[in-house]
Amino acid sequence: MDNNTNMNRRKFLQKLGLGASSALTLLAMNKLNILGCGLKRPGSNGDNDAPCEMTYRTQNGTGEKISLLGFGMMRLPDSQDEVNRLVDYAIAHGVNYFDTAPMYKGGHNEAQTGRALSRHPREKYYVATKMSNQSRHQWGLSESKKMYEKSFRELQVDYIDYYLLHGVGGGGMDELRGRFLDNGLLDFLLEEREAGRIRHLGFSYHGDVSVFDWLLDNQDKYHWDFVQIQMNYLDWRHASLEKSGWKRDADAEYLYEKLEKTGVQAVVMEPLRGGSLARMRDNLKQRLTAIRPDATPASWAFRWVGSHPNILTTLSGMNQMEHLEANVRTFSPLAPCTDAENRVLEDIADVMAGFPVIPCTACAYCMPCPFGVDIPGNFAYYNEAVEKQILPLPDPQSTDYAIRKQQFADGLKKALPDTSKWATQCTDCEACLSKCPQQIRIPNQMVRIVETLSKKS
Ligand code: SF4
Ligand code: SF4
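If you're matching positions, the sequence shown starts at 454 in our numbering and goes up one per residue.
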């Protein structure tokens, strides 16, 4: 092959000698009575097969069709039966992109994903996983190779469709050099792509934009097949604000446009910005329901992302069947946002950008805290209090002040009944600081919560 990205999927499967095993898994699939889009049961005219109007995007190099809704496996439930049920439903309704990583769910996520997916024919799904060698002790080439090889075993595959350098940007160019360049790991991964064990190579990006720029400016050398970025209508123009101790230095608009100019397709993460775009204030929500009475705020956010043509797929971390069903409906087929709808979302983003929320996406990369603090739990509650307009607290002279302060404390007790998980336990040890892909200065934000609890009435 000249270039693996030009190899079509059938040839690729033939090259790996997977024709026979695929036939066997197809039989297994029929046993499960699960058939997704574009695949008819033998002897069937397709009339009774799962209906599918899923929207697909074409991968630039191979021409393969990727569902615009991708399944982010990070937040899977513990029960394997439940995971299987979600995966079966997703595949039956045309979802074919599944994203996992060695570090998700305490290291069990790839195995859960592999068990669920391996019950389906290999050509029915594209699996994405990552080189999650974020900890310094994993930077050595042999340690990293072990992680790479384990991914194949856990996922039960002979090739990985989409492989990512996980979370580059945090730690700047020094960390990129340590994790991927100086140790020869990126050269190894490029060779693996050449050999066909990695079909598409990309990176997921958070943090220092100079790293993002450097990697794309070297596109002639690395030939990135895709890049995963955080993109939603709030981060489009409001990601790079510096407030309350957190800072990111590039808006999604910049990232997306740079990818488009470079000819690299984007995979989108955090389309709901950690769920905050699904739980908006009533007065903002009313602006959306006035236009589309039955549409949820989440479906608006997905439609906004999916309306951008250079998006290959949009990851949604779905752990409940009702969310999966709702998202499948939104993408089957996707109704792109009109210009007027885009303007409404832009206005809403401008308003939301003024809310003092903590931009936590509940990814839990910062966990566990050695002092037992439930970091995402505290931040989720803080943001909920902002959304419910309990925070920020009004002027202490106001009649509302004592009531709102009490509401905040009562709400925290309800959200986190175990007080040993509260922000008040934070010792400012900074163990979490370098782990947050959103660049949140976690201990400073813990202080915000503690101060709100302890403010004098
Ligand atoms: S700084 Fe606070 S929240 Fe972070 S790890 Fe230390 S104690 Fe936990
Ligand atoms: S604080 Fe950062 S690392 Fe921790 S859950 Fe939130 S976004 Fe993730």
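Even for Gly, the Cβ is constructed at its ideal location relative to N, Cα and C. Predicted model, so just to flag it, every value in this text is computed and none were measured.
Which residue's Cα is closest to the Cα of residue i: the options?
i: V797; options: Q512, G622, A743, Q850; result: A743
i: S604; options: D640, W875, N562, Q591; result: N562
i: P896; options: F524, P829, N513; result: P829
i: Q878; options: P823, R894, T766, S887; result: P823
i: A692; options: A868, Q565, L787, Y707; result: Y707
i: R652; options: T872, D848, G516; result: G516
i: A705; options: D848, Y578, V680; result: V680
i: T905; options: E535, L865, S887, Y616; result: L865
i: C882; options: P890, S873, R894, T872; result: R894
i: A862; options: L844, D848, S851; result: L844
i: R606; options: R630, P555, H573; result: P555
i: A751; options: V717, A731, Y615; result: A731
i: L639; options: L529, Q533, L618, P574; result: L618
i: E647; options: E576, G567, H676, D666; result: H676
i: A748; options: A719, G727, L787; result: L787
i: K874; options: V903, C816, K711; result: V903
i: Y616; options: W689, S785, K738, G655; result: G655
i: D827; options: T872, P847, D678, R568; result: T872
Between the C-alpha atoms of residue i and residue j, what's the straight-line distance to the nearest angstrom?
i: N780; j: M507; result: 10 Å
i: E723; j: H761; result: 15 Å
i: E628; j: D792; result: 41 Å
i: P870; j: L669; result: 46 Å
i: T511; j: L765; result: 7 Å
i: V540; j: F524; result: 9 Å
i: V900; j: L725; result: 26 Å
i: G547; j: H776; result: 15 Å
i: Y557; j: M527; result: 6 Å
i: V536; j: A543; result: 11 Å
i: K696; j: S657; result: Its pLDDT being 46, under 50, K696 is placed unreliably in this model, and the coordinates cannot settle the point.
i: P821; j: C885; result: 8 Å
i: P789; j: A754; result: 11 Å
i: Q842; j: S729; result: 14 Å
i: A876; j: C813; result: 15 Å
i: R575; j: M600; result: 22 Å
i: S769; j: S588; result: 26 Å
i: G489; j: H573; result: Low per-residue confidence applies at G489: pLDDT is 46, beneath 50, and the placement is therefore not dependable, though the value from the model is reported in the following sentence. The straight-line gap from Cα to Cα measures roughly 10 Å.
i: Y686; j: L643; result: 34 Å
Quick one: grab the DSSP three-state call for residue i.
i: K841; result: coil
i: Q898; result: helix
i: Q681; result: strand
i: Y612; result: coil
i: K768; result: Inspection of the sequence shows that residue 768 is occupied by Leu rather than by Lys. Here L768 sits in strand by DSSP.
i: F633; result: helix
i: R510; result: strand
i: Y658; result: strand
i: L480; result: Per-residue confidence for L480 stands at a pLDDT of 37, beneath the threshold of 50, marking its modelled position as unreliable; no derived number is given.
i: I801; result: helix
i: W699; result: Because W699 sits at a pLDDT of 46, beneath the cut-off of 50, its placement in the model cannot be relied upon, and the point is left open.
i: K518; result: strand
i: G620; result: strand
i: D502; result: Note that D502 scores 45 on pLDDT, short of 50, meaning its location in the model is unreliable; the coordinates nonetheless yield the value given after this. DSSP places D502 in coil when its eight states are reduced to three.
i: I893; result: strand
i: H573; result: coil
Got a sec, what are the start and stop residues for the beta strand (DSSP E) residue i sits in?
i: G525; result: 522-525
i: M722; result: 718-722
i: Y550; result: 550-552
If you measure from the beta carbon of residue i to each beta carbon in chain D, is any gap under 9 Å?
i: P821; result: The structure shown contains no chain D; it holds only a single protein chain.
Alpha helix (DSSP H) containing residue i: first to last residue?
i: K583; result: Note, K583: premise wrong, no alpha helix (DSSP H); beta strand (DSSP E) at 579-584.
i: F861; result: 854-868
i: H546; result: Premise fails: H546 is in no alpha helix (DSSP H) and is neither H nor E.
i: L570; result: 562-570
i: W689; result: 688-691
i: Y707; result: 705-715
i: D673; result: 672-675
i: L737; result: 735-742
With a cut-off of 8 Å on the beta carbons, I'd call residue i and residue j a contact; round off their distance for me.
i: R756; j: T783; result: 7 Å
i: V758; j: A703; result: Going by Cβ atoms, the distance from V758 to A703 rounds to 17 Å, so no, they are not a contact pair.
i: V664; j: G622; result: 5 Å
i: D552; j: A581; result: 4 Å
i: N636; j: L594; result: 5 Å
i: Y835; j: P890; result: Y835 to P890, Cβ: 19 Å. No contact.
i: Q718; j: N513; result: 6 Å
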